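**Q**
Protein chains: 2
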Amino acid sequence: MEEIRIIELKQSVFEDNKKDAQNLRERLKKEKTFLLNLMSSPGSGKTTTLLKLAKELDGKVEWAVMEADIDSAVDAETMRNAGVRSIQLHTGGMCHLDADMTRQGLAGLDTENLDLVILENVGNLVCPAEFDTGAVKNMTILSVPEGHDKPLKYPLMYETCHLLVINKIDVMEYFDFDQEKVVEYAKMRNPEIDIIFISAKTGEGIPELAEWILKNVKEWNQ
Amino acid sequence: MEEIRIIELKQSVFEDNKKDAQNLRERLKKEKTFLLNLMSSPGSGKTTTLLKLAKELDGKVEWAVMEADIDSAVDAETMRNAGVRSIQLHTGGMCHLDADMTRQGLAGLDTENLDLVILENVGNLVCPAEFDTGAVKNMTILSVPEGHDKPLKYPLMYETCHLLVINKIDVMEYFDFDQEKVVEYAKMRNPEIDIIFISAKTGEGIPELAEWILKNVKEWNQ
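Top line first, the protein sequences correspond to chains V and X. Just so you know, the first sequence maps onto residues 24 to 245 in the numbering used here. Just so you know, the second sequence maps onto residues 24 to 245 in the numbering used here.
#1: Scan the stretch 186 to 213 of chain V for residues whose Cβ lies nearer than 7 Å to a Cβ of chain X and list them as they occur along the chain.
#2: My assumption, with CB atoms under 8 Å, is that residue 140(X) sits in contact with residue 56(X). Please give the rounded CB distance.
#3: In chain order, which alpha helix (DSSP H) runs of at least 4 residues are fully inside the stretch 73 to 161 of chain X?
#4: Quick one, are the C-beta atoms of residue 142(X) and residue 60(X) less than 8 Å apart?
#5: What residue range does the alpha helix (DSSP H) around residue 179(V) cover?
#6: Give the secondary structure of residue 27(V) by DSSP, where H, G and I count as helix, E and B as strand, and everything else as coil.
#7: Taking the alpha-carbon of residue 99(X) as reference, which of 26(X), 203(X), 243(X), 48(X) has the nearest alpha-carbon?
#8: Where residue 202(V) and residue 130(X) are concerned, what is the direct C-alpha to C-alpha distance, given to the nearest angstrom?
#9: Return the CA-CA distance between residue 125(V) and residue 228(X), expressed in angstroms with no decimal places.
#10: Could you work out which residues of chain X lie near residue 39(V), taking near to mean beta carbons separated by less than 9 Å?
#11: Write down the C-beta distance between residue 47(X) and residue 122(X) rounded to the nearest angstrom, noting that I regard them as a contact closer than 8 Å.
#12: Between which two residues does the beta strand (DSSP E) holding residue 21(X) run?
#13: Along the chain, where does the beta strand (DSSP E) containing residue 58(X) start, and where does it finish?
#14: Starting from the beta carbon of residue 93(V), find every residue of chain X whose beta carbon is closer than 8 Å, and list them in chain order.
#15: Counting only beta-carbon separations shorter than 8 Å, does residue 33(V) have a partner in chain X?
#16: For residue 172(V) and chain X, any beta-carbon pair shorter than 8 Å?
#17: Of the choices 237(V), 242(V), 244(V), whose alpha-carbon is the least far from that of residue 77(V)?
#18: Measuring straight from C-alpha to C-alpha, what distance separates residue 165(X) and residue 173(X)?
#19: Using only alpha-carbon positions, find the residue among 110(V), 101(V), 73(V) that is nearest to residue 89(V).
#20: Measure the C-alpha to C-alpha separation of residue 145(X) and residue 245(V) and round it to an integer number of angstroms.
#21: For residue 166(X), which beta-bridge partners are listed by DSSP?
#22: In whole angstroms, give me the CA-to-CA distance for residue 92(X) and residue 83(V).
#23: Taking CB distances under 8 Å as the criterion, tell me whether residue 228(X) reaches chain V.
#24: Let me know the secondary structure DSSP gives residue 227(X) once reduced to three states.
#25: Hey, quick one: how far does the alpha helix (DSSP H) through residue 211(X) stretch, first residue to last?
#26: Compare the beta carbon distance of residue 159(X) and residue 73(X) with 8 Å and say whether it is the shorter of the two.
#27: How about residue 184(V): is its C-beta nearer than 8 Å to some C-beta of chain X?
#28: Got a sec: is the Cβ-Cβ distance from residue 97(V) to anything in chain X below 8 Å?
#29: Could you run through the stretch 138 to 162 of chain V and flag, in chain order, every residue whose CB is less than 8 Å away from some CB of chain X?
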């Protein structure tokens, strides 16, 4: 099997990340490529969700995944073994990606022929939310075992996301997770946020999530 | 009920955090106060573990908790309502605490009369591991739903910790969590790391964890 492509990201030299991110978005608009920035805590199920999504997305869009990690290539290998086009980005200890780092990653993909790129950001609820990556939309996954209070503790993550996915609903009964409260807290941070409940394990809610993504890709790429 | 004391931390002015942390440790040695730095992902059960620990520690040591958070005072309120002496530290968006910020927090406690202070760091597996807080020991919690691969993805966290607590073992059967692998991966990062399995929900393993802490407090404060 071919080796996973690993890109060692360099620290960005651009001072104005906001402007840089805007430039990247404009380029992606011209290329008709939708970039989705996926953020969450470590272990909330980003990779498993992408694996399940593959079954819904394959054949409907040309897509690829960029797996950002401090050090390992575990996630890109997992995606590749499932037949998903993927590259691994190494942040060299950095806890986030900015627009220039994202651009370095995109250079490893043939974006002109891609409708959709999903960036799996570093597992972290703080730093990734502070940097505009140039993505068209941001989504975050909150898993049931983490608790429904996360929007209270990590406001910026919820303020910057267009979609909140609540994962691991198959284990809801074993945890004290209040579904009404999590919606209330998330909407408190961002009244416009969309919320979809899923189980990446059983596949529940995955078609709805795929539909949300495909609708957004279509709107962007038309 | 009295108001929760909230300390808004200021950005540190010290350039050499390592030296500053060493100075703080020396001060704590003289004061016979053991500082334990508790780190983990968001939602792995730091606060719940502390609540359960309270029942084992109360009466055996004079102790207090510093709850560090980006914004909210949820955790300090929870601890206070359970009768644990606690203060809330606000990092103002920063994803970590360094030694000077920790010192600012300690100034809000009467450490001369405390044997043990537990610092609940910001929920994050990346940034907190990069800064020496001046703590005598570092511990991290990994909860079963997060998966056994975390030591592969967040090497520095496991390299800097003296104790790894595996939490939520009561839901082990609902997740694909390999207990042998997590031990193997953690020891790969740090052969000296102690590992204790607990359930903060049922209380399993909490006496063993309390014993580990009390032993370390005793050694430091004698």
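Each residue gets a CB set at the ideal place from its N, CA and C atoms; glycine is no exception. Predicted model only: the values in this text are computed from it and were never measured.
**A** Looking at the atomic coordinates:
#1: Those residues of the stretch 186 to 213 of chain V that come within reach of chain X (Cβ to Cβ, closer than 7 Å) are 191, 194, 197.
#2: Confirmed, Cβ separation roughly 6 Å.
#3: 97 to 104, 122 to 129
#4: yes
#5: 178 to 183
#6: coil
#7: 26(X)
#8: 39 Å
#9: 43 Å
#10: In chain order: nothing, as chain X lies at least about 19 Å away.
#11: Indeed they touch by this definition, with Cβ atoms about 5 Å apart.
#12: With chain X covering only 24 through 245, there is no way to say anything about residue 21(X).
#13: 57 to 63
#14: 149, 176, 177, 178, 179
#15: no
#16: yes
#17: The candidate whose alpha carbon is nearest that of residue 77(V) is 237(V).
#18: If I take the Cα positions, the gap works out to 8 Å.
#19: 110(V)
#20: 42 Å
#21: 190(X)
#22: 42 Å
#23: no
#24: In the structure shown, residue 227(X) sits in coil (DSSP, three-state: anything other than H, G, I, E or B).
#25: It spans 202 to 212 - the alpha helix (DSSP H) in which residue 211(X) sits, taken as one unbroken run.
#26: no
#27: no
#28: yes
#29: 145, 146, 147, 148, 149, 150, 153
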